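Asks:
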Amino acid sequence: MPEPLIILCPARSYSSIVCGMIGEHPDCYGLPELNLFLGDPLGEALHSFPAIRRFIGRDGLLRALAQLHEGAQTDDTVARAREWVEQHLDWPVRKVFDHIQEMVGDRILIEKSPSTTFKREFMERMLNVFPRASILHLIRHPRGTGESVISLRSAHQGLNRLAGNVASFDPEKTWRTTHELIMNVTENLPLGQCMRLKGEALLADLENYLPQICEWLGIRTDADAIDAMMHPEQSPYARPGPPAAPRGNDPNFLSNPAIDLTRLAKLKEPSLEGELNWRPGEVFAPETCKLAKQLGYQ
Amino acid sequence: MTVTSEETQQAVGDAKMLSAERFTVIASEGLGRKSASTAHSMAYFRGSLYLGTSCGNPVAPEDAPRILRYDPGRGEWQTVYESPLVDPVGRQLVADRTLGKLSTLRRSKGPLPRHAGYRSMCVFQGKSDDAPALYVSTMSRSGASILRSADGETFEIVSEPGLGDPDIYSFRGLVALDGRIFASAAGLITDEYLDRNHGREGLVYVSDDPRTGNWVPAAESGFGDRSNLAIYTLRPAFGRLYAGTANPDMGFQLWQTDARGSPPFDWAPVIVDGAGGYNHNYAICAMAEFKGALYVGSGITGFGYDTEHDIGPASCELLRVYPDDNWDLIAGQMRFTPDGLKVPLSLLGPGLGDFYNSVIWSLDVHNDVLYLGTHQWEAFRCMQLNSSQIVGGYQLWASTDGKKWTPVLEDGRGNPVDVGIRTIQSTPHGLFMGSCNHARLFNIMGRRRRSEFEFPQGFEVLLGR
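Chains as they are written, first to last, in numbering that gives the first Met the number 0: chain G, 0 to 297; chain L, 0 to 464.
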C-alpha cells in the first residue's frame, strides 16, 4: 500500500483546498480532518486532550467511516460509524488508517488535520505511525494567515469564545511556533520526504505546481489527472455533512469548495511591514519577520 | 557484461581526478607570517603562480599582506609585493563590524599595514598594455586600489581609491571578457565602522584600459534592486558575463549580460529568490563554467550565520545553469519552484550533506574535472558546545560530470580551524589550492572561554598533480 501524504501547517493555511485538490487526483484519496494523532490507540486519540477535542470534534472521522463503510453520509450511516468507533477504541491508530486504506485501495491517502501540529508529541506520533509518509509543509504569509484566523473567529462565535484573550492563541504567535515546530520535527528526515510549499504560489499558478506535486508523489501528471485536481468540489467531503456530523473541515471550504481561478489570479502576498489589524498599533515581531523571510515572504 | 560509453567516460574521468595523495603542501603557516590567515587570490602569470594573501585583522606591521610568487620549476616562493604601512589614524582604527571589539585587541601603536589583503587577481591586456599584465585588487581602509604589474616584479597603483569612492573597501571578481575587465565593489569603510563584505550598493565596474584608471559602471546599482547589497561573484561563461548577488531579503540573484555596446550594459535576471531557497541562499560565492553549464555555489557570510542581517544558520547549495537559463539543483534542499520540481541530482542535501558547509567558496576546472572548495565552521560550533574534541575544517570535492561528487580532502586535512578553501587555480603545473585558517581568531575566542588551543596558524597552499 502507498505511504500517505500528510499536510502540516497551522490553521488557515489553504490546507483544505490543497488537500481537496490533491485528493481528487485519480491516484489519491483526500480525507476530511481525522485528527487521529492526539493519542494512540484510537480511544486515546479520541479522549485525550478534551479541550482540543472539543475544539476539533470527530466529525471528519465519522464522515470518512460513514462514506467508506456505506458509500453515503447520512445521520444513519454516521450513527453506525460512531458505533464502529466505540467498538474499536483499542485499535492502534495505524490499524485504523490501514482499515481506511483497505477500503480506499491503492490510492494515496491525503490527510490534513491542523491538530497534528498543535503539539510536538502529535507530530512525533504521526512520524512514528508513518515514518515514511510524504509530508507537505504548507505555508502562508503570516499576515494572510492571521487575518484569516480573525475573520473565521468573528464568523464563528464559538471559536472566538474559545480563543478569547488567551495570548497563546494570538495568530502571529501560533503561526511562528507552529512553523518552527514543523521545521524542527522534519529537519532530519531523508531528502525529499518533507517538501515545503507556499500556498500563495501554488494557488496563483496551479498549472505549474500541481504537476510538480504529482511528480514528487510519483503519480500521473497527464491532463486528465491535473483536470481532476482542479475540482476539489467533487470530493464527498467538500460540503457540510449530515446533521449528526456536519463539520470535519474548514467551514469556508465546506460552503464554497470550488476553485475560483479569477479570484486566485488576483492573489497577492501581503507585506510583513505595517500595523496588524488584530493588534492595532503593533507590528510583527522581529523573530516572525526572520522566519517569514526565510520562508520567502517580504 | 557490456561496458557503456558513459561508464567508459566515467572511468577516464575518475583517472583524471586528483586524489588526496596527489596533493602536496607547498606553503604552510602563512609562509612565515602566521597572521596571514588566507590565501585569498591566485593567478597564473608568466609561468608562475601569484598568490595574494590577507590577514583577517592586521594590527601590527608584521601582519602586512603580501603578493607572493611561486616558481613551479624551482619550487620556491618569493615576495614580490608587500603592503606599505600607514599611520594609525582615522579610519585605520574603526572597528570591524563583524569582529566588534575583537578587531581592536592587540593593536600596535605604531604604523599599520595600509592593506589587509589582495582579494582578487586577473591577467588582462588593456588598451594601454603592451602585453598581458597582472591586475590585483586591494582590501584597504584607505579605499580599495587596483594594482598593476607588467613583469610580476614591480607593482604600481593604477586607480583612485575605490575607483573614485574611497569608502569602497575592496573589489571582488576581477575578470576579463572580450577586451574588458570587470570588478565588483566589496565592503565599506566609514568613519564609524568597517564592513568587509557589503557596501552601500551593489556596484559593478568595467574598463577597457585599467592602466589609465578609467573605470565606469557596468550596470545599474544592484541591477535595480536595492536589496542586492553586493555583487559577490563575477564569472564569464558562454561568452557572457554572469554576476551573483548577495541579498538578505529574498536570497541571491544571478544576472547575465553579453556586455555588448557601451556600458552600462543590458543585464537580465537568470535566477532570483535564491533559486527558491530564499535568504538562506544568501549569496552566490563561486562560479565556474564546466562542460556546457555554469556551476553556481551559494553561501552565507560568517560562521553559517549572518549576524548583521540575522539570517541562518544555513548551509550552501550547488546549482548548474545552462545557456538558455534553465537550471538544475545539484546539491541542496529538494523543492518546488516556479521553474519546476528541483531534485538534487547528486543526491546530496544542503552543505553537500554536511550542515557546517556554509559556503561554496571556490570552483575551478582542472584537467576536465570540476573542483569545489567549501567553508566549514564546525570547529567553532564545537567550541561553543565545549566539546571535548574540536573537529571540522574545509572540504575539497571533485566531479567529472558535475553530477556525481567525490570528497577529495576533508576536515581541513587534519586542522579543523583551516576552515575554508578560499581559492583554486588550475595551471599547466597542476592545481593550486589556498586555504583560510582561523586559528588566531579561534585561539582568542578559546582564551575567553578559558580554553587553550594551539592549532597551526596561517594559510596553506597545496599543489595537486
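Glycine included, C-beta positions come from ideal geometry on N, C-alpha and C.
From a predicted model like this one, the values you see are computed outputs, not experimental measurements.
#1: On a CA-only basis, which of G:59, G:43, G:151, G:188 is nearest residue 30 of chain G? Give me that one, please.
#2: With DSSP collapsed to three states, give me the class of residue 379 of chain L.
#3: For the region 202-227 of chain L, enumerate the residues whose C-beta is nearer than 7 angstroms to any C-beta of chain G, in chain order.
#4: DSSP three-state label for residue 182 of chain L, please.
#5: If you compare alpha carbons, which of G:20, G:119, G:71 is closest to residue 108 of chain G?
#6: Between which two residues does the alpha helix (DSSP H) harbouring residue 31 of chain L extend?
#7: Within 7 angstroms of any Cβ in chain G, is that where the Cβ of residue 348 of chain L sits?
#8: Any beta-carbon of chain L closer than 7 angstroms to the one on residue 13 of chain G?
#9: Can you give me the Cβ contacts of residue 246 of chain G inside the same chain, cut-off strictly under 8 angstroms, excluding the 5 residues immediately before and after it?
#10: Do residue 386 of chain L and residue 350 of chain L come within 7 angstroms of each other at the CB atom, strictly closer than that value?
#11: Looking only at its chain, what residues have a beta carbon closer than 7 angstroms to the beta carbon of residue 296 of chain G, apart from the 5 residues adjacent to it on each side?
#12: Could you check whether residue 132 of chain L and residue 54 of chain L sit closer than 7 angstroms to each other, using their CB atoms as the reference points?
#13: So within the region 131-171 of chain L, which uninterrupted beta strand (DSSP E) runs reach at least 3 residues, ignoring any that extend past its ends?
#14: Roughly how many angstroms lie between the CA atoms of residue 288 of chain L and residue 175 of chain L, to the nearest whole one?
#15: Are residue 44 of chain L and residue 122 of chain L touching if we call contact CB-CB under 7 angstroms?
#16: If you draw a straight line from the alpha carbon of residue 75 of chain G to that of residue 234 of chain G, how long is it in whole angstroms?
#17: Among L:91, L:33, L:306, which residue has its Cα nearest to the Cα of residue 192 of chain L?
#18: Could you give the residue range of the alpha helix (DSSP H) that holds residue 195 of chain L?
#19: Return helix, strand or coil for residue 87 of chain G, following the three-state DSSP convention.
#20: Which partner residues of residue 114 of chain L appear in the DSSP bridge assignment?
#21: What residues in its chain sit with their C-beta under 6 angstroms from that of residue 195 of chain G, if we drop five residues either side in the sequence?
#22: Tell me, please, whether the CB atom of residue 174 of chain G is closer than 7 angstroms to any CB atom in chain L?
#23: Taking 7 angstroms as the threshold (C-beta atoms), are residue 424 of chain L and residue 438 of chain L in contact?
#24: Rounded to the nearest angstrom, how far is the Cβ of residue 265 of chain L from that of residue 249 of chain L, given a contact under 8 angstroms?
#25: Using 8 angstroms for Cβ pairs, my map puts residue 401 of chain L next to residue 369 of chain L. What's the rounded Cβ distance?
#26: Starting from the beta carbon of residue 343 of chain L, find every residue of chain G whose beta carbon is closer than 8 angstroms, and list them in chain order.
#27: If you follow the alpha helix (DSSP H) that residue 68 of chain G is part of, which residue opens it and which one closes it?
#28: Strictly by DSSP, which residues pair up with residue 365 of chain L?
#29: Could you tell me the alpha carbon to alpha carbon distance between residue 253 of chain L and residue 41 of chain L, rounded to whole angstroms?
#30: Among all the DSSP beta bridges, which residues are the ones paired with residue 47 of chain L?
#31: With distances taken between CB atoms, is the gap from residue 30 of chain L to residue 60 of chain L smaller than 7 angstroms?
#32: Is the beta carbon of residue 415 of chain L less than 7 angstroms from the beta carbon of residue 391 of chain L?
#33: I want to verify the contact list: residues of chain L whose CB lies under 8 angstroms from the CB of residue 139 of chain G, in sequence order.
#34: Any C-beta of chain L sitting closer than 7 angstroms to the C-beta of residue 215 of chain G?
#35: Check for me: the beta strand (DSSP E) holding residue 203 of chain L runs from which residue to which?
#36: Alpha carbon to alpha carbon, what distance is there between residue 201 of chain G and residue 421 of chain L?
Replies: The relevant details are as follows:
#1: Here residue 30 of chain G refers to the residue found at position 31 when the first sequence is read from its first residue. For the residues G:59, G:43, G:151, G:188, the minimum Cα distance to residue 30 of chain G belongs to G:59.
#2: Position 380 of the second sequence, counted from the first residue, corresponds to residue 379 of chain L. Of the three classes helix, strand and coil, the one that applies to residue 379 of chain L here is helix, per DSSP.
#3: none
#4: In the second sequence, counting from the first residue as 1, residue 182 of chain L sits at position 183. In this structure, residue 182 of chain L counts as strand in the three-state DSSP scheme.
#5: The sequence position of residue 108 of chain G within the first sequence is 109, counting from 1. Here the closest residue by C-alpha is G:20.
#6: The residue labelled residue 31 of chain L in the question sits at position 32 within the second sequence. It spans 28-31 - the alpha helix (DSSP H) in which residue 31 of chain L sits, taken as one unbroken run.
#7: Residue 348 of chain L sits at position 349 when you count from the first residue of the second sequence. Yes, residue 348 of chain L lies at the interface with chain G (some Cβ there is under 7 angstroms from its Cβ).
#8: Working through the first sequence from its first residue, we reach residue 13 of chain G at position 14. Not an interface residue.
#9: As a working note, residue 246 of chain G is residue 247 in the first sequence. Cβ within range, chain order: 56, 58, 59, 239, 240, 253.
#10: Looking up residue 350 of chain L in the second sequence gives position 351. Looking up residue 386 of chain L in the second sequence gives position 387. Taking 7 angstroms as the Cβ cut-off, residue 350 of chain L and residue 386 of chain L do not qualify as a contacting pair.
#11: In the first sequence, residue 296 of chain G corresponds to position 297, counting from 1. Once the five neighbours on either side are set aside, the close Cβ partners of residue 296 of chain G are 140, 268, 271.
#12: Here residue 54 of chain L refers to the residue found at position 55 when the second sequence is read from its first residue. Here residue 132 of chain L refers to the residue found at position 133 when the second sequence is read from its first residue. Contact flag unset, no.
#13: 132-139, 145-148
#14: For the purposes of this step, residue 288 of chain L is taken as residue 289 along the second sequence, with counting starting at 1. For the purposes of this step, residue 175 of chain L is taken as residue 176 along the second sequence, with counting starting at 1. Roughly 14 angstroms separates the two Cα atoms.
#15: Position 45 of the second sequence holds residue 44 of chain L. Position 123 of the second sequence holds residue 122 of chain L. Yes.
#16: For the purposes of this step, residue 75 of chain G is taken as the residue at position 76 of the first sequence. For the purposes of this step, residue 234 of chain G is taken as the residue at position 235 of the first sequence. Computed Cα separation, rounded: 20 angstroms.
#17: Along the second sequence, read from residue 1 onward, the residue named residue 192 of chain L stands at position 193. Of the listed residues, the one whose Cα sits closest to residue 192 of chain L is L:91.
#18: By one-based count along the second sequence, residue 195 of chain L stands at place 196. Residue 195 of chain L -> no alpha helix (DSSP H), and no H or E assigned at all.
#19: On the first sequence, residue 87 of chain G is found 88 positions in, with the first residue counted as 1. Three-state result, residue 87 of chain G: coil.
#20: If you number the second sequence from 1, residue 114 of chain L lands on position 115. Per DSSP, L:139.
#21: Position 196 of the first sequence, counted from the first residue, corresponds to residue 195 of chain G. Contacts found: 136.
#22: As a first step, residue 174 of chain G is located in the first sequence; it is residue number 175 there, counting from the start. No, because no Cβ of chain L sits closer than 7 angstroms to the Cβ of residue 174 of chain G.
#23: For the purposes of this step, residue 438 of chain L is taken as the residue at position 439 of the second sequence. For the purposes of this step, residue 424 of chain L is taken as the residue at position 425 of the second sequence. No. Outside cutoff.
#24: Within the second sequence, the letter at position 266 stands for residue 265 of chain L. Within the second sequence, the letter at position 250 stands for residue 249 of chain L. Going by Cβ atoms, the distance from residue 265 of chain L to residue 249 of chain L rounds to 23 angstroms, so no, they are not a contact pair.
#25: Along the second sequence, one-based indexing puts residue 401 of chain L at 402. Along the second sequence, one-based indexing puts residue 369 of chain L at 370. That belief holds up - the Cβ atoms of residue 401 of chain L and residue 369 of chain L are roughly 6 angstroms apart, short of 8 angstroms.
#26: The count along the second sequence starts at 1 and reaches residue 343 of chain L at position 344. Those within 8 angstroms of residue 343 of chain L in chain G are 190.
#27: On the first sequence, position 69 is the one that residue 68 of chain G refers to. Here the alpha helix (DSSP H) through residue 68 of chain G covers 58-69.
#28: On the second sequence, position 366 is the one that residue 365 of chain L refers to. Paired residue(s): L:368.
#29: The residue given as residue 253 of chain L occupies position 254 in the second sequence. The residue given as residue 41 of chain L occupies position 42 in the second sequence. Using only the alpha carbons, I get a separation of about 24 angstroms.
#30: Locating residue 47 of chain L in the second sequence gives position 48, counting from the first residue. Residue 47 of chain L pairs with L:44.
#31: Against the second sequence, residue 30 of chain L aligns to sequence position 31. Against the second sequence, residue 60 of chain L aligns to sequence position 61. No; because the gap between Cβ atoms is not below 7 angstroms, this pair is not in contact.
#32: By one-based count along the second sequence, residue 415 of chain L stands at place 416. By one-based count along the second sequence, residue 391 of chain L stands at place 392. Yes. Within cutoff.
#33: Reading the first sequence from its first residue, position 140 is the one you call residue 139 of chain G. In chain order: nothing, as chain L lies at least about 15 angstroms away.
#34: Sequence index remark: in the first sequence, residue 215 of chain G carries index 216 (1-based). Yes, its Cβ sits closer than 7 angstroms to a Cβ of chain L.
#35: Translated into the one-based positions of the second sequence, residue 203 of chain L becomes position 204. It spans 203-208 - the beta strand (DSSP E) in which residue 203 of chain L sits, taken as one unbroken run.
#36: Stepping through the second sequence from its first residue, residue 421 of chain L is reached at position 422. Stepping through the first sequence from its first residue, residue 201 of chain G is reached at position 202. Rounded to the nearest angstrom, the two C-alpha atoms are 39 angstroms apart.
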